[in-house]
Structures are given as C-alpha cells and as structure tokens.
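In our numbering, the protein residues as written are 41 to 263.
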C-alpha cells in the first residue's frame, strides 16, 4: 500500500521521501517512480526510535525541503495471548504503531504551521476500533494512533493543517497477503491502488469539507 500511495503522489508531481527500516523494498519503489518520470529518494529510519526518525527527517529537509504531506503507514503486530506476549515485543509494536506517528508529526508540523497548510494522513486498521482476542499487541498501538490523529486534528486543523485517520477494515491485496490466503479472491480485499486514490483525494479535500476519519472496506466485508 505504501508503494501505491508513493506512486500516486509522484504522478501528481510530488517528490516522494520513502522511509523504511530496510532499503531494498524502498529502492524498488523508487525505481518504479523514476521509470514513470517522477522523483523519489530513500531514507532509512526506524519509526519507533526517536533518534532515527529525527536524523531521517533532518536529511529530508536538507535534501528535499520541508514535507507538505505526511503519510504514516508503518505497522507491526504479533498475534498472541496477553500471557504469551512478552513485554519487549508488546512495546516494539506500540512504538511502531503509535509512537512513530507522534515522532513523525513533530518533525513535519513546524514548517506546515509556518506555511499555514499541510496534510497528515495516518493509516489505521480494524484494531483501531476494536481490540480482538490475541490482538492486544496491535490494538493498543492502533487505538493510540487514532487518539493522536484526533488530538492533532483539533489542535492544528484551525491553523490550516488537515489531519485524517483512515480505518482500513480488511485485508489489502498484496503478494504477502496472497501467499497467506491464496484462496481469497481480489474482490474480498482492498486494492492498494484504490486505497492510494483515497489518500490522494483526502489530501485534495477543500477545507470546508475536511474528513477527520474515514473507514474503508471491500463491499463484501462484514462490519
């Protein structure tokens, strides 16, 4: 999904900063964008590490300028009972799912507030609204990210910054998911390209009709 969002914004002329812990996948996305005539650069960062995030955004500002849009799409989870989920794994998931959004927002907001415009888009999940059995490791962080988005929207929305949280309620159609559930048809999953178009439209919304939270799911998904 992150790759699809990056390509969608690049097609509109945006220079894209791709942040990832490992560079291999991000380099493939950069190559795809460059083939289409766009520009993208890769920056290494661990979303849950304050020093790593700060260093990455310092490079981005120096090399590309201050970001106009932040799409926080990092996620991590480990399915396990609370009794089997060790504290270190729980904390690592929270850092990626929640703390990273806070750290990234702090890096981009000063310039956005100075300009009086900007967009922050946060990717949520079904677990943003409902903590399922054995999903505490995901739900706690996603609940927190949703709360962060709500607080930010109320704080910086009046100053021209659009903050939106997207509840992605379903499985995204990616090669990894296809490998996990090969029997599922594409119609039962969310298309990454369609999700990317949704994110683009959120960014383009006029201030008179800003969406703070949007839930998306395949037409056949139960909810």
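We put the beta carbon where it would ideally sit given N, CA and C, even for glycine. These numbers were taken from a predicted model, which means no experiment stands behind them.
Exclusion of the five residues before and after residue 114 leaves 87, 136, 140 as the residues of its chain whose Cβ lies within less than 7 Å of its Cβ. Separation of the CB atoms of residue 217 and residue 168 is rounded to 19 Å, and the pair is thereby denied contact status at 8 Å. If you look at residue 82, you'll find it isn't in any alpha helix (DSSP H); it sits in the beta strand (DSSP E) that goes 80-84. Taking the Cβ atoms as the reference, residue 100 lies roughly 6 Å from residue 83, within the contact range of under 8 Å. By the CB criterion at 8 Å, residue 178 and residue 142 fall outside the cutoff. Within the model, the alpha-carbon separation for residue 76 versus residue 51 is close to 8 Å. In the structure shown, residue 108 adopts coil according to DSSP, grouped into three states.
The alpha-carbon of residue 62 is positioned some 14 Å away from that of residue 43.
In its chain, beyond the 5 residues on either side, 41, 232 have a beta carbon closer than 8 Å to the beta carbon of residue 214. For the pair residue 176 and residue 131, the Cα-to-Cα distance works out to about 11 Å.
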